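Comments concern the structure below.
Numbering (our numbering), first residue to last: 509 to 845.
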């Protein structure tokens, strides 16, 4: 079977794997300053705006940064644009981010905070009280809380130009804890870039692409979407499934925003398919990417029925430790036994 993915006009070179996530992102911000980087119901950020706001927060982090590089910094934000700005800010400051999802059980959040050993937590007005609660009971440890809503700097800030070794930590994500306590999985810049180069080139991600972000930023599936967009000049569309739901609103939103890369777990995909009224609602999607759960024959059959002839269906497999280990590509001519 020979499936051809559209060629990328913004190639991800092998040499960039030995740099940093920040270097690749800033290259996109410089090349595509006016491209939309993140679009949510609340706000649209261009690459120039995202880069500048991340620089502002990164400068603030450095005022509290007593340990230097590779410090663990907690992020406590809802599923919207602020979490994306915060991720880039932490990486620009030379540190590693530890995401905290405010919708998760309190005991999980408390465990992550106590286990990962961070000194700073970035949050906003909405989650400030929760941030204080999570850090109040830490013995012999002061955790600085930075409320990004209170940062009033508006002028353009230069890139920090902090030297970042490719083997520095980029993030710590915690497993679900289904087999015991959640385990923190550390990834460095080089690991992330190696994966994202393969992912980008396999999928042919280009600046005109529009990628969904359904997964919470605390799970590894988010890495594919966040960096799949931001390291390629493409547009990221965070969609809060927990808040909005997977009703017919999702199908209308997909059509309205002209999403080109749909990535989700199969369960969400099935809800999406259930609410499609007409084939034309998914005419812009060129890639359907599955992961996190087993894909069934019915999933492939619905793909063949509803999506365009040029659309490709991709089934991915991989644990948190490696993000994605295997991808299987299916087109309309693939026979499923």
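Ideal placement from N, C-alpha and C gives every residue a C-beta, glycine not left out. Since we're looking at a predicted model, the values are computed, not measured.
Practice prompt. May I ask you to verify whether the stretch 557-566 touches the stretch 776-795, counting CB pairs closer than 8 Å and requiring at least 3?
Written response: Judged by Cβ distances under 8 Å, the stretch 557-566 makes no contact with the stretch 776-795, as fewer than three pairs qualify.
Discussion item. Check this for me: beta carbons of residue 548 and residue 594, under 8 Å apart or not?
Written reply: no
Item to complete: Would you give the residue range spanned by the alpha helix (DSSP H) that residue 644 belongs to?
Response: 636-644
Discussion item. Quick check on residue 603: does DSSP put it in helix, strand or coil?
Written reply: coil
Item to complete: Would you give the residue range spanned by the beta strand (DSSP E) that residue 771 belongs to?
Response: 769-772
Discussion item. My output table needs one value for residue 663: the three-state DSSP class, helix, strand or coil.
Written reply: coil
Worksheet item: On the three-state DSSP scale, how would you describe residue 695?
Response: strand
Discussion item. So, under 8 Å CB-CB, residue 628 and residue 572 are touching, yes? Tell me the CB distance rounded to an integer number of Å.
Written reply: 5 Å
Fill in: Neighbourhood of residue 582 by C-beta, 6 Å cutoff - its chain only, sequence neighbours within 5 removed
Scanning its chain for C-beta atoms nearer than 6 Å, with the 5 sequence neighbours on each side dropped, one finds around residue 582 the residues 606, 608, 626 and 629, in chain order.
Worksheet item: Span of the beta strand (DSSP E) holding residue 554?
Response: 552-554
Worksheet item: Three-state secondary structure (DSSP) at residue 835?
Response: strand
Worksheet item: Along the chain, where does the beta strand (DSSP E) that runs through residue 580 open and close?
Response: 580-584
Worksheet item: In three-state DSSP terms, what is residue 825?
Response: Residue 825: strand per DSSP, three-state reduction.
Item to complete: Just mark residue 802 as buried or exposed, buried being the case when its beta carbon has 16 or more other beta carbons within 10 Å.
Response: exposed
Discussion item. Does residue 845 pass the burial test, meaning 16 or more other C-beta atoms within 10 Å, or should it be called exposed?
Written reply: exposed
Worksheet item: Name the DSSP bridge partner or partners of residue 798?
Response: 772 and 823
Worksheet item: Taking buried to mean at least 16 other C-beta atoms within 10 Å of its own C-beta, is residue 793 buried or exposed?
Response: buried
Worksheet item: If you draw a straight line from the alpha carbon of residue 509 to that of residue 842, how long is it in whole angstroms?
Response: Confidence at residue 509 is low in this model, with a pLDDT of 48, below 50, so the placement of that residue is unreliable and no value is reported for it.
Worksheet item: I think residue 739 touches residue 708, with their Cβ atoms under 8 Å apart; what is that distance to the nearest whole Å?
Response: 7 Å
Worksheet item: Skipping 5 residues on each side, what residues in its chain have a beta carbon closer than 7 Å to that of residue 528?
Response: 672, 674 and 697
Worksheet item: Under three-state DSSP, which class holds residue 779?
Response: helix
Worksheet item: Do you know whose CA, among 650, 564, 705 and 686, lies nearest residue 523's CA?
Response: 705
Item to complete: Take residue 520 as the anchor and find which of 796, 751, 713 and 750 has the nearest alpha-carbon.
Response: Restricting attention to 796, 751, 713 and 750, the CA atom closest to the CA of residue 520 is found in 713.
Worksheet item: Leaving out five residues before and five after residue 694 in sequence, what residues of the same chain have Cβ atoms less than 6 Å from its Cβ?
Response: The answer, listed in chain order, is 677 and 680.
Item to complete: Measure the C-alpha to C-alpha separation of residue 836 and residue 658 and round it to an integer number of angstroms.
Response: So the alpha carbons of these two residues sit roughly 46 Å apart.
Practice prompt. Specify, as a first and last residue, the run of the alpha helix (DSSP H) that residue 738 falls within.
Written response: 729-738
Fill in: Separation of residue 649 from residue 718, as counted between CA atoms
42 Å
Worksheet item: Taking Cβ positions, are residue 726 and residue 623 nearer each other than 8 Å?
Response: Not closer than 8 Å, so no.
Worksheet item: For the candidate residues 750, 597, 687 and 563, whose alpha-carbon lies nearest to that of residue 579?
Response: 597
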